[in-house]
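J.: Below are the structure tokens for one structure; questions will follow.
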Amino acid sequence: MRQCEQCTVKFEPKVSYQIYCSVNCREEATKEKIAQRYEITRTQKRIGKRRICLGGCGAQLSIYNDSGFCYNCNVYEKRVQKMLKQIKGFFDYEQDN
Ligand SMILES: [Zn+2]
Ligand SMILES: [Zn+2]
């Protein structure tokens, strides 16, 4: 008996190198591995590159930053978008009447 590396179900391997209980689990595991590798290369590509915050504050971003904004600007960006949404909502309301 062997334990599936994906779903941890116990199964009887048909071949000695079988590590997943089913095709489904093998495909799931493969997908996860590809996603993981993609995540790693995406992060590593940023090493050595100067990434500056898109908010224009001049802050340098960490390689793990996905948004393009530093923490401060990200908060600000969210606030602006919320405000814009509110303004838009206000105008939609006006037009409806
Ligand atoms: Zn499985
Ligand atoms: Zn910033």
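Residues in the sequence shown are numbered consecutively from 4, following our numbering. Quick reminder that beta carbons are idealized off the backbone N, C-alpha and C, glycines included.
(1) Where DSSP assigns a beta bridge to Lys36, which residues make up the other side?
(2) Is the beta carbon of Gly58 less than 7 Å from the beta carbon of Phe72?
(3) Distance check for Lys81 and Asn75, CA to CA, integer angstroms please.
(4) Inspect the CB distances between the stretch 6-15 and the stretch 25-34 and report whether three or more fall short of 8 Å.
(5) Just to confirm, are Ile66 and Ile55 a CB contact at a threshold of 7 Å?
T.: By the coordinates alone:
(1) Lys36 is not bridged by DSSP to any residue.
(2) The answer is yes: Cβ separation under 7 Å.
(3) Straight across, the Cα-Cα distance linking Asn75 with Lys81 is about 10 Å.
(4) Here the stretch 6-15 lies against the stretch 25-34, with 3 or more beta-carbon pairs under 8 Å apart.
(5) No. Outside cutoff.
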